[in-house]
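For the sequence shown, this note's numbering begins at 1386 and goes up steadily by one. Every residue gets a Cβ at the ideal spot worked out from N, C-alpha and C, and that includes glycine. To keep things clear, I will list the structure first and then write my remarks on it.
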Amino acid sequence: MGRKIVILLGHPGVGKGTQARAIVQHLEIPQISTGDMLRDAIAKKTTYGREAKEKMDAGELVSDSIVNGIVSERIKRNDCKKGFILDGYPRNVSQAETFRKLVKNGDHLAVIELSADSERLRKEKRLVGRLMCPGCGEIYNEFSKAPKEDQICDLCGRQLIHRSDDREELISERFRTYHEETSPLIQFYQDLGVYHQVDGMRPIETVTEEILKIINNSVAAVYDRRRS
Ligand code: AMP
């Protein structure tokens, strides 16, 4: 059986990380978030951490060579044998082309775009209100998904943090980067016949159910085709 590979696409703040964390529990394959790995590299002051920080603080993409390198190394690990969920990668067509070469015959690929209304994302303060747990990675929002105790993670008790790029003045630039560089991936994956769309503005649990339905149906369709 090939690997189950799920790519989550979507606007900054639409909930890719939240959904990836939810579906990990159901599919028992790991979440690979390039954003989290880059933040980790920055915290550990690795060589590419410095370059990554500069780009992230400007709302721009980190260089393809860095992110392609960290993803290709990460997916070689044992826990990715049955598949993985990519959240935040690929982010442009060049990364998608590189990643395509890492998909093997027999792997099952589903690309799911969480569609968003960017004005609503701003109004609902999805980015400026976001809080993250530096321990377990749980994601909250001060306005819509507050932790039970102020600024404290419900799951592991650590002090929550604001991401350094979740600043009002960076939002337009991050949205622009998404439109210019990432949204062409929709066409790229439509052409490959593996693209699906889910309305990402609905409640978290509804979006999770939709995603799981798509993954289960499309995996079943591939196996039906192989049997016939
Ligand atoms: P995220 O956590 O996915 O919102 O990513 C935060 C920031 O990390 C982005 O704004 C980019 O600067 C950088 N980043 C994450 N993933 C990628 C990627 N695949 N390619 C380039 N830059 C990335």
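With contacts defined by Cβ atoms closer than 8 Å, N1490 and R1511 do not form a contacting pair. I1470 is bridged by DSSP to V1391 and Q1416. The straight-line gap separating the alpha-carbon atoms of T1431 and L1423 is approximately 10 Å. Remark: fewer than three beta-carbon pairs, one from each stretch, lie closer than 8 Å, so the region 1549-1562 and the region 1576-1584 are not flagged as touching. In this structure, I1417 keeps its C-beta atom at 8 Å or more from the C-beta atom of V1391.
For Y1474, the shortest C-beta to heavy atom distance toward ligand 1 is below 7 Å. Between G1444 and L1555, the CB-CB gap stays under 8 Å. P1397 is classed as buried because its beta carbon has at least 16 other beta carbons within 10 Å across all chains shown.
Contact between the region 1456-1468 and the region 1402-1416 is present, with at least three C-beta pairs closer than 8 Å. The beta carbon of F1573 is closer than 8 Å to those of V1478 and A1481 in its chain, skipping five residues each way along the sequence. Exclusion of the five residues before and after L1597 leaves I1408 and H1411 as the residues of its chain whose Cβ lies within less than 7 Å of its Cβ. In this structure, DSSP gives L1597 a helical state, which the three-state scheme calls helix. Annotation note: the region 1514-1560 contains the following uninterrupted beta strand (DSSP E) runs of length 3 or greater, listed N- to C-terminal: 1515-1517 and 1524-1526. Here the distance from the Cβ of M1517 to the nearest heavy atom of ligand 1 is not below 7 Å.
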